[in-house]
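Residues in the sequence shown are numbered consecutively from 1, following the UniProt record's numbering.
Ideal placement from N, C-alpha and C gives every residue a C-beta, glycine not left out.
Have a look at the structure below before the remarks.
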Amino acid sequence: MISINLLPIRDILRRKNLRQEVYFILLGFGALLFLFLTVEIFQINAIAGLQEEEKRITQERKQYEVILNDIKKMEEEKKTLLTRIDVINKLKRSSSLTVHVLDEIATHTPPGRMWLKKLSQSDSQLTLEGMAMDDETIAKYMDELEGSAYIHDVKLVSSAMEQYAERNLKTFVLSARVETPEN
């Protein structure tokens, strides 16, 4: 006998396979959705953690800004004090410089051969006006002043013969630069 199977096995198998494919697709979609949700939860937690960290850092920065402002004020005060100390030191050197320059001039002026009529100092420039017996005395005086640690660049500005007390004397003007020697 011949038997004919009238059941649509191929259709049933196809439907069965189609259902399995749909289940796998839904399962894959569910797994993908689960994966996305898991990543999203991790990102939300990371964002929340970063926001907390930002708040903490902002509060910390505010605390440090107060300290930094105090440090800036102290640095400005330090600059001011250092400037004042520098001015005081310059004044000390300047006041002692004048004393030393006058001592050098008095020490090197030959008595009975030279007379100073005028002495002036403006900043570091020194001008001497006077009378001498001869040119040789003036030259020797200039050399001695040049040997001083406080007086430099001694130059003869002018020299002229002048009659004084029935004697021919040389009037002169010297210029020099004064400075405190570096120790």
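Proximity of the stretch 86-101 to the stretch 139-159 meets the contact definition, three or more beta-carbon pairs being nearer than 8 angstroms. Looking at the backbone, the Cα of N69 and that of L116 are separated by about 59 angstroms. Ranked by Cα distance from L128, the options R15, Q63, L145, S95 are led by L145.
L91 and S159 have their alpha carbons spaced roughly 34 angstroms apart. Cβ-Cβ distances below 7 angstroms link F29 to nothing in the same chain once the five nearest sequence neighbours on each side are left out. G130 counts as buried, since at least 16 other C-beta atoms from the protein chains shown sit within 10 angstroms of its C-beta.
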